[in-house]
């Protein structure tokens, strides 16, 4: 299913943004699944946390996978045998929740406490990609370079 907005003119005039346009087009076609509920928390400038409310799930019922800019949390609960429920309000259904991760965002750890699964994320930009300050020199260098060039010409002419 395509979104209401046509991205094809932008696809033709840009290079390397295919993943972004795919995300935008697919975001409107996804079902509005709201289980399990979650919070996104900004801990510091480059640190984040995802908190998922998972009442009734144990650590063994969960699987967390981080691969190619995507975090997938899956849960599958075994059926509870031996009880005769009058009302069943705590969800037993399995789930799969996907989160898109920006470049250089890594999952650092996960912890489960009181029915809340907390997944810590950190953005680590490689040194080569960080901005660097370029020093602007005065006229001394240029003068020195011209003097060196002039002296090398004199030795070539001689």
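Residue numbers (my numbering): 18 to 175. Don't be surprised by glycine CBs; every beta carbon is placed ideally from N, CA and C.
Looking only at its own chain, which residues have a Cβ that is under 6 Å from the Cβ of residue i, when we skip the five neighbours before and after it?
{"i": "residue 26", "result": "none"}
{"i": "residue 66", "result": "58, 60, 135, 137"}
Ignore the nearest five residues each way along the sequence and tell me which others in residue i's own chain have a CB closer than 7 Å to its CB.
{"i": "residue 132", "result": "70, 71, 72"}
{"i": "residue 107", "result": "72, 73"}
{"i": "residue 40", "result": "117"}
Under a three-way DSSP split, which group does residue i fall into?
{"i": "residue 27", "result": "helix"}
{"i": "residue 97", "result": "coil"}
{"i": "residue 70", "result": "strand"}
{"i": "residue 152", "result": "coil"}
{"i": "residue 56", "result": "strand"}
{"i": "residue 63", "result": "coil"}
Please state whether the Cβ-Cβ distance between residue i and residue j is less than 9 Å.
{"i": "residue 110", "j": "residue 52", "result": "yes"}
{"i": "residue 116", "j": "residue 88", "result": "yes"}
{"i": "residue 137", "j": "residue 126", "result": "yes"}
On the DSSP bridge assignment, give the partners of residue i in chain order.
{"i": "residue 124", "result": "138"}
{"i": "residue 92", "result": "79, 112"}
{"i": "residue 133", "result": "70, 130"}
Label residue i either buried or exposed according to how many other C-beta atoms from any shown protein chain fall within 10 Å of its C-beta, with 16 as the threshold for buried.
{"i": "residue 60", "result": "exposed"}
{"i": "residue 29", "result": "exposed"}
{"i": "residue 92", "result": "buried"}
{"i": "residue 74", "result": "buried"}
Is there at least one non-hydrogen atom of the ligand FAD closer than 8 Å to the beta-carbon of residue i?
{"i": "residue 96", "result": "In the structure shown, the ligand FAD is absent, as is every other ligand, since no ligand is present at all."}
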